[in-house]
Each structure stands twice: as C-alpha cells, then as structure tokens.
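Reading through the structure tokens given below for one structure.
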Amino acid sequence: MHEAPPTPAAPPAEPLAHGLKQRHLTMLGLGGVIGAGLFVGSGAGIAVAGPAIVVSYLIAGALAMLVMRMLGEMSSAMPASGSFSVHAERALGRWAGFSVGWLYWFLLVVVLAVEATAAAQIAHG
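First residue of the sequence shown? That's 1 in full-length UniProt numbering, and the numbers climb one at a time after it.
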C-alpha cells in the first residue's frame, strides 16, 4: 500500500495570541461556580419544591453574592493571601483560622468527589 506524503500546512496569516479575554474568564468562573451539581441536584429539588425552586435559587444566589461581597470588602480593607482562614484568624484567633482553613480544604476535596460522581451519573444516563 502506498501513501502520499503529507502536504505542509500553509502558514497562518495571523499568529495565535496568548491570553484570555473577559468572556473566557467569565465562562470559566461560571462553570466553576455552577458545576455538575446543578444538573444532578435540580431534579430532586424540583420534585420537592416545584416552581418554588426558582425562589430558592434566587435566595441562595443572593446569599452567595452577599458573602462574596463581604469577603471582597475584608480583602480590600486588610489584604493578605489566605482568604477565609486569614480573616478568621485575624478576627477570632489562631484556632479559628486553622479550623476554617482545614474545613475549606475538606470542602474542596468533597466537592471534587461529588462532581466526579455527578459526571459519572450524567455520562451513564
């Protein structure tokens, strides 16, 4: 069997640029916040609450927005790396900072496992 040699591709008219635009960052953030849990958990919520689930999502979204705004205010007033744990340590002491830091780590580990389970459930129908 004889194969023709590959032909070289034409050079691009404009080279690709490195960097993310505002829309890319917005979609990455939105995907990270929503996650697969929205698709898995919505069915059970709709079955229990019915149309009132929209109100529940609005309340939860408003609470999340308020927490993030408060965190932004604390971070701009007292800038430091470490987020929740640093603010808890400054306000309540070392034990609170330690506890909040480890609880946040535990949350991220659990969310990773839940997201993987949700993705498997979605993939298997």
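Where a beta carbon is used, it is the ideal one built from N, C-alpha and C, also for glycine.
Beta-carbon gap between I53 and G43 smaller than 7 Å: One-based indexing of the sequence shown puts residue 53 at position 53. One-based indexing of the sequence shown puts residue 43 at position 43. For I53 and G43, no; Cβs fall outside 7 Å.
Local conformation of M78 per DSSP, three classes: In the sequence shown, the residue the question calls residue 78 occupies position 78. Coil.
For H18 and L38, the rounded distance between their alpha carbons: Here residue 38 refers to the residue found at position 38 when the sequence shown is read from its first residue. Here residue 18 refers to the residue found at position 18 when the sequence shown is read from its first residue. Distance between the alpha carbons of L38 and H18: 32 Å.
Terminal residues of the alpha helix (DSSP H) in which E3 lies: Start at 1 with the first residue of the sequence shown, and residue 3 comes out as number 3. No alpha helix (DSSP H) contains E3, which DSSP labels as neither H nor E.
Inter-stretch contact (C-beta, 8 Å, three-pair minimum) for the region 97-104 and the region 68-86: yes
Every unbroken beta strand (DSSP E) inside the region 77-114 [3 residues or more]: none
Secondary structure of A17, DSSP reduced to three states: Position 17 of the sequence shown, counting from 1, holds the residue named residue 17. If DSSP states are grouped into helix, strand and coil, A17 belongs with coil.
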